[in-house]
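Notes to accompany the following structure.
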Amino acid sequence: MHNKKIEILGHAISNGRGVQLNLDIAKLHTRTKIQVPIIVERAKKEGPTLLITAGIHGNEMNGIEIVRQLISKKYNKPECGMVICIPVVNVFGFLNQSRKFPDGRDLNRVFPGSSRGSLASRFAYHIMKEIVPLVDYCIDFHTGGDSRFNAPQIRINEDEESLRLAKVFNPQFVIQSGHRDRSFRQALHKLGKKALLFEGGKSLYLDEKVTEIGVLGALRVMQHLGIRDFNKELKSISERPRKPIIVKQSSWVRAKYSGMFHPFVELGAKVKKGDVLGSISDPFGYFERTIKSLYSGHIICINQSPIVNQGDAIFHITRNEDPI
0 MHNKKIEILG HAISNGRGVQ LNLDIAKLHT RTKIQVPIIV ERAKKEGPTL
50 LITAGIHGNE MNGIEIVRQL ISKKYNKPEC GMVICIPVVN VFGFLNQSRK
100 FPDGRDLNRV FPGSSRGSLA SRFAYHIMKE IVPLVDYCID FHTGGDSRFN
150 APQIRINEDE ESLRLAKVFN PQFVIQSGHR DRSFRQALHK LGKKALLFEG
200 GKSLYLDEKV TEIGVLGALR VMQHLGIRDF NKELKSISER PRKPIIVKQS
250 SWVRAKYSGM FHPFVELGAK VKKGDVLGSI SDPFGYFERT IKSLYSGHII
300 CINQSPIVNQ GDAIFHITRN EDPI
């Protein structure tokens, strides 16, 4: 953004200033306000504006932890441009450890929202109206749903700049995937904003490795965009070298039986079609059935629930991939 006069939620943000604002547009039936803290840091020098979000699904704690660390370590203070952090977009879901908004809707399925729609839709509308027009880039942090543990991965559109940013982030996997209908990423794409959607870990769980990959990736992207020099911070952290893999297609292996689930492979493992991935057994010791891979590729998600039902997604495997 190059306009020296920037206003967010009715507050003027001058050069070199940091401020915490509250997005306050909804009330519960008890008249209790839903206030979403928004942390804004603007540098003295002009530059791009980066939006960093987490907690669109209120039970996806690991993304919230990544943004929390970026703020607590003051990594969100730019040398050029502006960084806007919304650590917990769905505050109500976070308080209740629930994926959904208080009206029962999935906030990530109602964008761009409506000023006259449901509670979640109205909330999405105000994010798109008040915050998104100021943004050039976005990193949106998520985790796997329920007991599904995702390997650290970036999901992007199929364009060169998004792929370049994903390479800079340096996750284990870069997945070129279509948009979910009415998702935040789709709404950003329609407005020409470049978005990286990070997936890592599972709901209601904090994982140190996933957190570190998320934090370091955000620092690399900010440095690449010229927002701030993080060479010192990146050099001080020893990270195992990775060769990210670009994924153009992936499929789930689903449970053929209901029972107790025993995975035999690790997340990120490379498997071949026909390899034994795990087993499903009954709790009484009468039967145990092996689960074989239907594809050759890498395991990018494992269902960590000890009990599964017939038809449940249990292993997510890449099918069309190339090394970056």
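Per numbering that gives the first Met the number 0, the very first residue in the sequence shown carries number 0; after that it's consecutive.
No residue lacks a Cβ here, since even glycine has one placed at the ideal position from N, Cα and C.
Inter-residue distance for residue 52 and residue 318 is about 30 Å (C-alpha atoms, whole angstroms). Excluding the 5 residues flanking it on each side, residue 55 has same chain C-beta neighbours closer than 8 Å at 88, 89, 106, 107, 139, 141 and 183, in chain order.
If you look at residue 209, you'll find it in the alpha helix (DSSP H) that goes 207-223. Secondary structure note for residue 276: its beta strand (DSSP E) is the uninterrupted segment 275-280.
By the C-beta density criterion, residue 120 is buried, having at least 16 other C-beta atoms within 10 angstroms. Three or more Cβ pairs closer than 8 Å define a contact, and the region 152-160 falls short of that threshold against the region 71-83.
Selection 220, 320, 221 and 271 evaluated against residue 246 yields 320 as nearest (Cα-Cα).
No Cβ-Cβ contact shorter than 8 Å links residue 299 with residue 61. Listed as beta-bridge partners of residue 197 by DSSP are 140 and 153.
Distance check between residue 177 and each of 188, 286, 170 and 97 places 188 closest, using alpha-carbon atoms only. The region 15-102 is shown to contain whole beta strand (DSSP E) runs of 3 or more residues at 17-26, 32-41, 44-53 and 79-85, in chain order. Between the region 260-269 and the region 232-245 there are fewer than three C-beta pairs closer than 8 Å, too few to call the two in contact.
The Cβ-Cβ distance between residue 43 and residue 15 falls below 8 Å.
For residue 320, the secondary structure class from DSSP, reduced to helix, strand or coil, is strand. Taking a contact to require three or more Cβ pairs closer than 8 Å, the region 123-134 and the region 160-175 do not qualify as touching. Non-local C-beta neighbours of residue 227 in its own chain, meaning closer than 6 Å and more than five positions away in sequence, comprise 77, 78 and 221, ordered along the chain. Cβ neighbours of residue 164 within its own chain (closer than 8 Å, five residues either side excluded): 136, 155, 193, 195, 220 and 223. Per the Cβ contact rule, the region 198-218 is not in contact with the region 270-284 (fewer than 3 Cβ pairs under 8 Å). For residue 235, the uninterrupted alpha helix (DSSP H) run begins and ends at 230-235, by DSSP.
Residue pairing by DSSP puts residue 10 in a beta bridge opposite 7. Taken atom to atom, the span from the alpha-carbon of residue 295 to that of residue 199 is near 22 Å.
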